[in-house]
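Numbering (our numbering), first residue to last: 354 to 472.
What follows is a single structure, written as structure tokens, with notes after it.
Have a look at this one:
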């Protein structure tokens with residue numbers, strides 16, 4: 354009689370496939386932080402487009418972790434943090450440029466009006 358499995362080996366119930374962790378078993382360590390709070394703050398307070406990318410990445414962390422893709426979950430968490438940081442950095446750069454433009458504009462405007470005479 355031909356067996357599709359080795360009858361001398363115990364069955365591998367619930368395994369996620371060759372080389373993967375069995376379902377229900379997590380690797381050593383907790384689920385990575387999804388950085389969702391930072392992503393939301395970056396979206397609301399900083400740069401909207403980059404913050405949205407950060408939110409999308411952060412919401413995929415739990416899904417990947419539950420599916421057993423632990424490396425993918427860690428990568429998504431790292432990318433969510435990276436996009437939130439880029440959102441904050443770009444917001445600071447934009448605000449600094451806006452302040453410089455206003456200062457230059459008012460210096461030129463006030464300088465021009467102070468040198469012209471209406472007599």
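Backbone N, C-alpha and C fix where the C-beta goes; we use that ideal spot for every residue, glycine too.
- Return the first residue and the last residue of the alpha helix (DSSP H) that residue 420 is part of. Within the chain shown, residue 420 is the residue found at index 67, counting from 1. Careful: residue 420 lies outside any alpha helix (DSSP H) and carries neither H nor E.
- Would you say residue 430 and residue 417 are within 7 Å of each other, going by their C-beta atoms? As a first step, residue 430 must be located in the chain shown, where it is residue number 77. As a first step, residue 417 must be located in the chain shown, where it is residue number 64. No.
- Message: I need the DSSP call for residue 386, collapsed to helix, strand or coil.
- Response: Start at 1 with the first residue of the chain shown, and residue 386 comes out as number 33. DSSP places residue 386 in coil when its eight states are reduced to three.
- Message: Rounded to the nearest angstrom, what separates residue 396 and residue 384 at their Cα positions?
- Response: Against the chain shown, residue 396 aligns to sequence position 43. Against the chain shown, residue 384 aligns to sequence position 31. About 24 Å.
- Enumerate in chain order the residues of its own chain whose CB-to-CB distance from residue 435 is below 6 Å, with the five nearest sequence positions on each side excluded. One-based indexing of the chain shown puts residue 435 at position 82. Here the set comprises nothing.
- Which term fits residue 433, buried or exposed, when burial requires 16 or more other beta carbons within 10 angstroms of its beta carbon? Taking the first residue of the chain shown as 1, we reach residue 433 at position 80. Around the CB of residue 433, 16 or more other CB atoms lie within 10 Å, so the residue is classed as buried.
- Query: So, is residue 403 buried or exposed, given that buried needs 16 or more other C-beta atoms within 10 angstroms?
  - Reply: Numbered from 1 along the chain shown, position 50 holds the residue referred to as residue 403. Flag for residue 403 reads buried.
- Task: Taking all protein chains shown into account, decide if residue 460 is buried (16 or more other Cβ within 10 angstroms of its Cβ) or exposed.
- Result: As a position in the chain shown, residue 460 is number 107, starting the count at 1. Exposed, since its Cβ has fewer than 16 Cβ neighbours within 10 Å.
- Message: Taking the straight line between their C-alpha atoms, what separation do you get for residue 422 and residue 387?
- Response: Here the question's residue 422 lines up with position 69 in the chain shown. Here the question's residue 387 lines up with position 34 in the chain shown. Straight-line Cα distance between these residues: approximately 14 Å.
- Message: For residue 447, count the other beta carbons within 10 Å of its own beta carbon; 16 or more makes it buried, fewer makes it exposed. Which is it?
- Response: The residue you call residue 447 lines up with position 94 of the chain shown. Label assigned to residue 447: exposed.
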